[in-house]
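In this text, residue positions in the sequence shown follow the numbering used here: the first is 159, and each later residue adds one.
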Amino acid sequence: MASKVGFVGLDEYSVDMAASLIRSGYKVQAFEISDPLVDKFLMLGGIRSASPMDAGKDVSALVVVISHVDQIDDIFFGHEGVLKGLQKGAVIILRSTILPSHMQKLERTLTENDETACVVDAYVSRGMSEVFNGKFMITTSGRSNAIERARPFLSAMCKKLYIFEGELGAGSKIKMINDLLEGVHLIVSVEAISLGVQFGIHPWVLYDIISNAAGNSWIFKNHIPNLLRGNAKLHFLNAFIQNLGIALDMAKTLAFPLPLLAVAHQQLILGLSHAHANDDNPPLVKVWENVLGVNITDTANLEAYKPEELAKQITAKSNSVTRVGFIGLGAMGFGMATHLLRSNFTVVGYDVYRPTLTKFQNVGGLIANSPAEAAKDVGVLVIMVTNEAQAESVLYGDLGAVPALSSGASIILSSTVSPGFVSQLERRLQCMSFI
């Protein structure tokens, strides 16, 4: 006879977990007050229970969803609580957003009432890497005998199971760490896209660049498109605020500072306070526009320029370039310069580190002994140095590149410099008829 598993409380994850158990041959019953979730559960082959007590009857494992500590008494010890239906030897799997201390207190209470009670916690998340592709990961903790009983059911519900034997609460702690990162990344992502708008950069163009750059994160890549389209709503912040508050409370008990999380938490609360009387769930983009003072929506709806088409227009009007100067052959610069060589350009390279020049010469590049030599007779000069001081030095310093440039040559400056430096450089070069 197939083992039976019960659920008290259903959400999107629970329904998918129940579906996995059913596919694995388990009978699954659940108590939930939300009819849409119950209807979906029943279509999968699940059985509806009338109460937490009924959900726990005759099961080998019971998955309990707890979103607030105040729910514990009703779910477990109420008139129709779980314990009145649960058989001895069943394992309780806690999916919760409460502090580990509350789970540990519940475990002690259950153990006092029943010496054979087995409890584990389970943090369930979707794996976002290509390996997991949205499939469940479960992090669980508890005493060894409880883990042993829970393992078959947990394994049936996920692609990857992480086990921490010992004190209950490791799953909850892992969740807090993930919530910390998600919360901080969310606020930083919103600030980044808003700063880009303030700079005058089209948000969709900025998104295309950053989502493929080192500054990308899963939150940025997946949340920002919904934000720009107006699909994300204000109520989206509620769960974030609750979860980050729990992480902050836990950190306080350890006297561990989390300044970035604290600021992110306050920023989320500030956003939630911007609900309007006539619309308590406006698009989230409107909330951040009010908070940060930028017009993201109108800018996002402007027609974005297409870099490929712009490049074609420019090259169609430009003279053909065959010889390129390249100053700065560090890790990135060397790769860019060698790519130009493979594209059949003649490249003259300069770097202060002599072994790099030798290496560049060995792959087919020409080498220069100064910025001026690198700039001589080239149609394009690429500057790949670190900062403004270095850029100024290679352009205008001793044996600098600018005096050696031919009229009409172009400079590509790929350095960490301020917009003011670029504007000033452009004016200086225009006076000398280089651009």
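The beta carbon of each residue, even a glycine, is placed where N, CA and C say it ideally should be.
Query, Result
"Quick one: Cα of asparagine 374 to Cα of isoleucine 345, how far?", "13 angstroms"
"Between the Cα of serine 225 and those of Leu179, Leu168, Asp193, spot the shortest distance and give me the residue it belongs to.", "Leu168"
"Since leucine 402 and leucine 426 are thought to touch, with beta carbons under 8 angstroms apart, how far apart are those beta carbons, to the nearest angstrom?", "7 angstroms"
"Give the secondary structure of isoleucine 404 by DSSP, where H, G and I count as helix, E and B as strand, and everything else as coil.", "helix"
"Can you give me the C-alpha to C-alpha distance between serine 182 and leucine 202, rounded to a whole angstrom?", "13 angstroms"
"Check each candidate in Glu170, Ile180, Leu179, Val186 and name the one with the smallest Cα separation from glycine 164.", "Val186"
"Pick helix, strand or coil for phenylalanine 114, following the three-state DSSP scheme.", "Look at the range of the chain in this structure, 159 to 593, and you will see that residue 114 is not part of it."
"So, with DSSP's three-state summary, where would you put phenylalanine 484?", "strand"
"At what residues does the beta strand (DSSP E) containing cysteine 276 begin and finish?", "276-284"
"Does the count of Cβ pairs from the segment 236-249 and the segment 315-323 closer than 8 angstroms reach three?", "no"
"What's the gap between the Cα of valine 355 and the Cα of valine 452?", "7 angstroms"
"Determine contact between the segment 481-496 and the segment 526-536, defined as no fewer than three beta-carbon pairs at a distance below 8 angstroms.", "yes"
"Are three or more beta carbon pairs between the segment 540-548 and the segment 572-590 nearer than 8 angstroms?", "yes"
"Would you list, in sequence order, the uninterrupted beta strand (DSSP E) runs of no fewer than 3 residues that lie entirely inside the segment 239-267?", "249-254"
"Under a Cβ-count criterion, where at least 16 other Cβ atoms within 10 Å of its own Cβ denotes burial, should valine 521 be classed as buried or exposed?", "exposed"
"Would DSSP call methionine 159 helix, strand or coil?", "The predicted position of methionine 159 is uncertain, since its pLDDT is 46 and thus under 50; a value taken from the coordinates is nonetheless stated next. Residue state, collapsed to three classes: coil."
"By DSSP's criteria, leucine 539 is part of a beta bridge. Which residues make up the other side?", "Gly483, Ile569"
"In its own chain, which residues sit with a C-beta less than 7 angstroms from the C-beta of methionine 159, not counting the 5 before and 5 after it?", "Low confidence applies here, because methionine 159 scores a pLDDT of 46, under 50, leaving its location unreliable; read the following figure in that light. No residues qualify anywhere along the chain."
"Below 6 angstroms CB to CB, which residues in the same chain sit around methionine 175 once its five sequence neighbours on both sides are set aside?", "Met315"
"Evaluate threonine 289 with the Cβ neighbour count: other Cβ atoms within 10 Å of its Cβ, from every protein chain shown; 16 or more gives buried, anything less gives exposed.", "The sequence as given places valine at residue 289; threonine does not occur at that position. It is exposed - the Cβ of valine 289 has fewer than 16 other Cβ atoms within 10 Å."
"Determine the DSSP secondary structure at alanine 462, reduced to helix, strand or coil.", "coil"
"Per DSSP, what are the beta-bridge partners of alanine 219 in this structure?", "Val163, Val249"
"Spatial neighbours of lysine 162 within its chain, please: CB distance less than 8 angstroms, with the 5 preceding and 5 following residues excluded, ordered by chain position.", "Tyr184, Lys185, Val186, Gln187, Asp216, Val217, Ser218"
"Does tyrosine 511 pass the burial test, meaning 16 or more other C-beta atoms within 10 Å, or should it be called exposed?", "exposed"
"The alpha helix (DSSP H) spanning lysine 379 covers which residue range?", "376-387"
"May I ask you to report which of helix, strand or coil DSSP gives phenylalanine 394?", "helix"
"Could you tell me the alpha carbon to alpha carbon distance between serine 302 and methionine 295, rounded to whole angstroms?", "20 angstroms"
"Just mark cysteine 276 as buried or exposed, buried being the case when its beta carbon has 16 or more other beta carbons within 10 Å.", "buried"
"What does the alpha-carbon distance come out to for the pair serine 478 and aspartate 535?", "13 angstroms"
"Decide if threonine 516 is buried, meaning its Cβ has at least 16 other Cβ atoms within 10 Å, or exposed.", "exposed"
"Just curious, the alpha helix (DSSP H) that methionine 211 is in, first and last residue?", "210-214"
"Can you give the Cα-Cα distance for valine 538 and proline 440, rounded to whole angstroms?", "50 angstroms"
"Which of the three DSSP states, helix, strand or coil, is assigned to isoleucine 454?", "helix"
"Between the alpha carbons of isoleucine 359 and asparagine 448, how many angstroms are there, rounded?", "19 angstroms"
"With a threshold of 6 angstroms (Cβ to nearest heavy atom), would threonine 255 be considered close to the ligand COA?", "Of ligands this structure carries none, so the ligand COA is not represented either."
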